[in-house]
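The next block holds one structure in the form of structure tokens; read it before the comments.
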Amino acid sequence: MPEQVFLAEHFLNRELSWLEFNARVLEEAADGSNPLLERVKFLAIFSSNLDEFFMVRVAGLREQAFGDGAPEDYSPDGLRAIVQLQRIAARSKELVAAQYRCWNESVLPQLAEQRIRMLKHDELSPDQRVTLDRFFTERAFPILTPMAVDPAHPSPRYHNRGLYLATMLER
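In terms of numbering that gives the first Met the number 0, the sequence shown has 37 at position 38, counting the first letter as 1, and numbering is strictly consecutive.
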């Protein structure tokens, strides 16, 4: 087989190509012709996809780039792991900025037009605060697990894809 068939320019980078796939998911979120709650769902899918991408693929690239005896191998498209990481960082930054613009400038205002709002605590009515306090006390608080972080417990074990809330307690 002719050697030119296997030239690096004949290949797309797997990781960068995946980011572009996820960019298309984000485009669906930005598309005003899609139903509003579908756009919210596309934003959630975009976030979940990006989380998994960093947990699996970027973690693997970091291991290749920075691990002991890191290989000097090139991917089929001719990029080393460190170059892929740099390009992933730049493109991810652009995509996340676009995600926030979509949410803050388009989706969130349209949700508000439909009377779906995200309120801060001081924006709640007294009745809403009572309801929220009751919900927290009866439903959320019983399933919370406090974890001390102090010199005796400097690094608690966190579970992948877990939801954590950190607070500082003072005397």
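Just so it is clear, CB atoms sit at the ideal spot from N, CA and C, and this is done for glycine as well.
It should be emphasised that the depicted structure is a prediction, and the values quoted were computed from it without experimental measurement.
Alpha carbon of residue i to alpha carbon of residue j, nearest angstrom
i	j	result
V106	V39	7 angstroms
M0	L11	With a pLDDT of 48 at M0, under the threshold of 50, the modelled position of this residue cannot be trusted, and the question is left open.
H158	L143	14 angstroms
S91	N48	12 angstroms
Q85	L123	44 angstroms
R114	Q127	15 angstroms
M167	T136	20 angstroms
D67	A43	36 angstroms
Of the listed residues the options, nearest to residue i (C-alpha basis)
i	options	result
K172	L131, S46, K92 and Q113	With the chain represented from 0 up to 170, any question about residue 172 goes unanswered, as that position is not in the structure.
R100	L25, L15 and S16	L25
E14	V57, R156 and L35	V57
F41	P34, G31 and E27	E27
S46	R128, L94, T166 and E137	L94
P155	L162, D67 and A147	A147
L164	H152, D149, P145 and R170	P145
L162	D149, A151 and A139	A139
E62	G77, A43 and Q83	Q83
P34	A80, A64, S74 and L110	L110
W102	R133, R160, F65 and L36	L36
W17	E169, A64, I81 and I87	I87
Residues bridged to residue i [DSSP beta-bridge criterion]
i	result
D67	According to DSSP, D67 bridges with nothing at all.
H158	Paired residues: none, contrary to the question.
Residue i - containing alpha helix (DSSP H), residue span
i	result
V95	A80 to R100
V39	L35 to F52
V106	Unbroken run through V106: none, as it is neither H nor E.
R114	Here R114 belongs to no alpha helix (DSSP H), and DSSP marks it neither H nor E.
T130	P125 to F134
A28	R13 to A29
**OP:** Indicate whether the contact test is met: 3 or more Cβ pairs, each with one atom in the segment 44-53 and one in the segment 13-23, closer than 8 angstroms.
**Re:** Result yes; three or more Cβ-Cβ pairs closer than 8 angstroms.
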